[in-house]
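Count the sequence shown with our numbering and you get residues 8 to 757, in order.
The C-beta atom is built at its ideal place from N, Cα and C for all residues, glycine as well.
Down below is the structure, laid out as C-alpha cells.
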Amino acid sequence: MYTNSWDPNNGAIIRSSDKGATWSTTDLPFKVGGNMPGRGMGERLAVDPKNSKIIYFGARSGNGLYKSTDGGVTFTKVSSFTNAGTYVADPTDTNGYNNDIAGLSFVTFDSTSALTNGATSRIFVGTTDNITASVYVSNDAGSSWAAVPNQPKTYFPHKCKLQPTEKALYLTYSNGAGPYDGTMGAVYRYDISNGTWTNITPASGSDLYFGFGGLGVDMLKPGTLVVATLNSWWPDAQIFRSTNSGATWSKIWEWASYPSQTWYYGLRTDKAPWINAGFVSQDTKRLGWMIEALEINPLDSDHWLYGTGLTLYGGHDLTNWDTTTRNVSISSLADGIEEFAVLGLASAPGGTELLAAVGDDNGFTYVKSTDLGTSPQTNWMTPEWTSSTDVDFAGNKVANVVRIGNGADSQQVAVSSDGGVKWNINYAAGTTQSGGSVAYSADADTILWSSSNTGVLRSLNQATFAAVSTLPSGAVIASDKRNNTVFYAASGSTFYRSTNIGATFSSVTGALGAATAVRDVVAHPTVAGEVWASTDIGLFRSTNYGASFTQVGSGSLSNTHQVALGLGSGAKWVVYAFGTGAAGAKLYASADAGVTWTDVQGSQGFGAISGCKLTGSGNVAGQVYVGTNGRGVFYVNVAVSGGGSGSVSSSSTSSTSASKTSTTSVAATATSSSKTSSTAIATTSTTSAKATTLSTSTTSKTSTSSAAAPASTGGAKQFAQCGGNGWTGLTTCVSPYTCKVQNDWYSQCL
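If you want it as C-alpha cells, here you go:
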C-alpha cells in the first residue's frame, strides 16, 4: 500500500486463469504504493492484446518497466527502458508519503500494429517526467524505446487510451500526480499514422482551473469520448463529452444564473441512501472528486462507470447526452463492493447488533441483525468527522455508546443514548485531542480514552478529560462490562488494572508470562472479572479482574492479534481470535474457553490478520464479524461445539468442531434484486469457510485511515481544503503542512 519505511511489504501481482475462481501470486522485489500519490494514473499493468503471455508493469519509486513472458508468473526489468520518471510531489516531506518518485503512469498497446515475434510491435509507455519526455514508444515489441516526437511537456500524463478505428491515442494530463491535486492540465489526441499531436482541451482561460484524469473512449463510436476534471473541488467535478474527436465539447452541468447550476443529469443513490444523507445533500459536490477511473463499456455505448472519492457512479443511457435534452441518469452502482478501512467494531448483548467505526465515512449502525442486509439511510452524523477510530458500549446500559474521531477542528468524542442511532458531541473533550481507542464504563459514567496524540485521558460524569498519569501513552484499554469500577489496560509486556473507575492504574507483575507485546484486551460481555489479553505468544485469560492470568491454547494458538467473545449456543460464549494455529495465520474459534481451537476462516481471505478488527455478536449465536483494512466488514455464522467461556475449567479436554450455517453479506448497498433502497440478504447454505462483506459502496474521501497522519495541532489535515472563494472552514494547517493556493476556489494543505 505504501512505499514508506513503516510499511515493510513489497508489492505483488495476482493472476487468475479460470475467470477468478482461483488465484496465484507473484511477489515483486519492490513496493508498489497502492495508496500513494499518483495511484490513479494508469493503467500501469497491461496485457498484450495479441499474446496473453506478455504482460508489462510500469512501476513507481524509480523501479522502471517490468515485463513477463509467462503470463505473469515471473517478471524481468526492461533494461532498454531508462526513464523511470522524475516527479516527486514534495521532496522535503519527511514522513515518506509525498517524497517518493511517482514513476511510470501507463502502458498502452497499439492493437492496430503488426506482430513482431508473436508480440504486438507498437507499445506506448508514460512517465511522470514533464521536462525530458513523458510518452515513449517502442516499434519493435519492447526491444528499444524512443520519446514520441513533438509531444507536450508541460504536464504529466494520467491516462492514455487507444481508439483503434481512428488509430489514435487520447491522453489526459494534469500538473500533479493526483489524486488530490490538479490545478491545470490538458487533453491531447495523438494520430499514430501521421505522428501529429492535437490539443483538444475542453476548457481554457479562467474556465481552466483543474487538471484532467478520468478518460472514457467509446470503442463503438469513433471520435466519442468523455473526460473528467482532476480536480474541480468547487462547486463540483465536471465531465466533458465530445463526439467529434475533441473538436467540440459539451458539459454535464453549466452555470445558469450564478450561483445556480443547470444539471444535464439526474442522480440517484438508492443502493446507498446514506451517500445522499451524509455527503451529496451536505455539499456542492454531487458528481464527486478524485475522478481517475472512467470507462465506457466497449460493447455498449450507453453503459459507463466512473469512480469518485465517495463511490462508484454510472448509468445506462450515456448516449442521451447527445440528444436535444442532454439528460443522462447517474446512480451509485457499487452493489456489494466496499473499500472501508474498518477501525473498530462492537456488538452489544441486548443492544445494537453491529457498530462499525470506519475510515473516511465515519461509521454505521445496524440496530438489529435483520438490518445487516439493508443499506443504512445515513452514516454517523452530528458530529460527522472524516473517520471514527473506535467505538464501545456500556455493559450495564447497552444503549449508551461512545465513539472517537480523528479530526482536528472540534471535540472528537461523541456519545449516544439510543445505541448509536443519534449522536451528540461530548464537550468534556478538548479540541486538540483525537484518534486512538476508547472504553466505556459499565454504567456509562466514565470514558477512558487512549488518544493518538495526548496519551490516556479520563472523563467522569462529563467532567473535562484529564490525563491518567499511571498509564503510558498508547496503552491498549478496556472496561469491565459488569463492574463499573474496573478498567483494564496493557502496554508492552505489562498488564494494568484499575478498581477506582480508571482514576489510577496499577501494574500486575508477571501477569502475562514471557509476552513482550499485548495486542488486544477484551472483557467478557456478561461476566464480571473475566478478561482476555492477546499477545505475541498467545492468549491469556483471567477470571479475577486481571489479578492473575492463565495462558490458554498454549501450543495450539500463538502470536495472536484481535480477540473477541460472541454468543454461542444456549447461554455459552465463544472466543474468537486471530492467530497462528494448525491451519496457519487465520481466524480461530473456541467453545471451551481456549482449550481447543477450530479454523473458522477456511479459504476466505481477509488480508493481513494484524490489521483486522474483530467482534462476536452479542445477540446472534455463532455470528462473528471481521473488519478488514480496506475491504469492509465480513461476517459468518458458525456453530462451534464445546463448553463455552466461563463454564469450562482450564483443564477441560472437550473437543470442538465448526459447522458453518450460512455466508451472508452485510450490505450498505442494495442488491440487484432489490426494488427499493433496501438490500436482500444473500444467504447460501454452505460448509465452506467463505464469509462475505459489509458493503457500503465508497472509496476514500481522503487518504485512507491506515496512512500515517501528523499529530493534530488545531489546523486542517494534510490534503484538506483550507481556503478559496466562499470557504468558511479552517484556514491553517497542522504542522508541517501549509495552506497553498491552488486556484481562486480552492486552497489545500500540502
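Residue i and residue j closer than 8 Å at C-beta
{"i": "threonine 134", "j": "asparagine 105", "result": "no"}
{"i": "lysine 60", "j": "threonine 76", "result": "yes"}
{"i": "glutamate 302", "j": "glycine 47", "result": "no"}
{"i": "valine 194", "j": "glycine 253", "result": "yes"}
{"i": "glycine 634", "j": "leucine 572", "result": "no"}
{"i": "glycine 78", "j": "glycine 92", "result": "no"}
{"i": "phenylalanine 585", "j": "leucine 621", "result": "yes"}
{"i": "threonine 605", "j": "valine 538", "result": "no"}
{"i": "leucine 232", "j": "valine 224", "result": "yes"}
Extent of the continuous beta strand (DSSP E) run through residue i
{"i": "glycine 133", "result": "130-134"}
{"i": "tryptophan 281", "result": "Unbroken run through tryptophan 281 is the alpha helix (DSSP H), 281-285; no beta strand (DSSP E)."}
{"i": "tyrosine 434", "result": "Neither: tyrosine 434 is in no beta strand (DSSP E) and is coded neither H nor E."}
{"i": "glutamate 261", "result": "260-262"}
{"i": "isoleucine 337", "result": "335-339"}
{"i": "alanine 235", "result": "232-237"}
{"i": "arginine 67", "result": "Per DSSP, arginine 67 belongs to no beta strand (DSSP E) and is neither H nor E."}
{"i": "threonine 203", "result": "203-206"}
{"i": "tyrosine 313", "result": "311-314"}
{"i": "phenylalanine 247", "result": "246-249"}
{"i": "lysine 593", "result": "591-597"}
{"i": "isoleucine 61", "result": "Element bounds for isoleucine 61: n/a, residue is neither H nor E."}
{"i": "asparagine 369", "result": "369-373"}
8 Å CB neighbourhood of residue i in its chain, flanking five on each side removed
{"i": "valine 483", "result": "Ser444, Ser457, Ala496, Ala497, Ser498, Val525, Arg526, Asp527, Val528"}
{"i": "isoleucine 2", "result": "Nothing can be reported for residue 2, as the shown portion of the chain is limited to 8 through 757."}
{"i": "aspartate 452", "result": "Leu467, Asn468, Asn491, Ile508"}
{"i": "asparagine 551", "result": "Gly536"}
{"i": "alanine 485", "result": "Ala446, Phe494, Tyr495, Ala496, Val528, Val529, Ala530, Val538"}
{"i": "asparagine 566", "result": "Asp543, Ile544, Gly545, Gly586, Thr587, Ala592"}
{"i": "asparagine 433", "result": "Val409, Gln418, Val420, Ala421, Val422, Ile454, Ser466, Gln469"}
Residues bridged to residue i (per DSSP)
{"i": "glutamine 558", "result": "Phe547"}
{"i": "phenylalanine 400", "result": "Val408"}
{"i": "cysteine 167", "result": "Leu178"}
{"i": "glutamine 268", "result": "Trp262"}
{"i": "aspartate 188", "result": "None; aspartate 188 has no bridge partner."}
{"i": "serine 31", "result": "Arg22"}
{"i": "tryptophan 456", "result": "Val445, Leu464"}
{"i": "tryptophan 580", "result": "Leu574"}
{"i": "tryptophan 539", "result": "Val529, Arg548"}
{"i": "phenylalanine 613", "result": "The partner list for phenylalanine 613 (beta bridge, DSSP) is empty, contrary to what the question assumes."}
{"i": "isoleucine 484", "result": "Ala496"}
Length of the line joining the Cα atoms of residue i and residue j
{"i": "threonine 758", "j": "isoleucine 411", "result": "Absent from the model: residue 758. The displayed extent of the chain is 8 to 757, so no value can be given."}
{"i": "leucine 594", "j": "alanine 615", "result": "11 Å"}
{"i": "glutamine 611", "j": "threonine 603", "result": "21 Å"}
{"i": "threonine 205", "j": "tyrosine 162", "result": "15 Å"}
{"i": "lysine 57", "j": "leucine 122", "result": "8 Å"}
{"i": "cysteine 619", "j": "tryptophan 256", "result": "47 Å"}
{"i": "methionine 541", "j": "valine 581", "result": "Here the sequence assigns serine to residue 541, which means methionine is not the residue at that position. Using only the alpha carbons, I get a separation of about 15 Å."}
{"i": "aspartate 107", "j": "glycine 71", "result": "13 Å"}
{"i": "glutamate 391", "j": "leucine 176", "result": "43 Å"}
{"i": "isoleucine 688", "j": "threonine 506", "result": "Bear in mind that a pLDDT of 24 at isoleucine 688, under 50, signals an unreliable position, so the model cannot answer this."}
{"i": "lysine 375", "j": "alanine 406", "result": "13 Å"}
{"i": "phenylalanine 113", "j": "histidine 568", "result": "39 Å"}
{"i": "glycine 202", "j": "leucine 306", "result": "28 Å"}
{"i": "valine 570", "j": "valine 408", "result": "20 Å"}
{"i": "alanine 470", "j": "alanine 435", "result": "6 Å"}
{"i": "isoleucine 20", "j": "arginine 129", "result": "24 Å"}
{"i": "asparagine 17", "j": "valine 39", "result": "7 Å"}
{"i": "tyrosine 265", "j": "tryptophan 387", "result": "32 Å"}
{"i": "threonine 706", "j": "proline 171", "result": "Model confidence at threonine 706 stands at a pLDDT of 31, short of 50, so the residue's coordinates are unreliable; what they give is reported in the following sentence. Rounded to the nearest angstrom, the two C-alpha atoms are 32 Å apart."}
{"i": "glycine 722", "j": "aspartate 25", "result": "50 Å"}
{"i": "proline 164", "j": "serine 181", "result": "7 Å"}
Same chain, Cβ closer than 7 Å to residue i, five either side skipped, listed in chain order
{"i": "alanine 628", "result": "Leu574, Gly575, Ser576"}
{"i": "alanine 364", "result": "Leu350, Gly351, Gly370, Ser395, Thr396, Asp397, Val398, Arg410"}
{"i": "glycine 462", "result": "Ala474, Ser480"}
{"i": "phenylalanine 286", "result": "Leu317"}
{"i": "serine 120", "result": "Thr127, Ser128, Arg129"}
{"i": "serine 3", "result": "For the chain, the structure presents residues 8 to 757; residue 3 sits outside this window and is missing."}
Own chain, CB closer than 6 Å to residue i, minus 5 neighbours either side, in chain order
{"i": "threonine 276", "result": "Ile282, Asn283, Ser339"}
{"i": "glycine 69", "result": "Ala91, Ile108"}
{"i": "proline 242", "result": "Thr291"}
Chain C contact for residue i (CB, 8 Å cutoff)
{"i": "asparagine 102", "result": "Protein chains in the displayed structure number just one, and chain C is not present."}
Cβ-heavy atom distance, residue i to the ligand FMN, below 7 Å
{"i": "cysteine 167", "result": "Of the ligands one can find in the structure shown there are none, so the ligand FMN has no counterpart to examine."}
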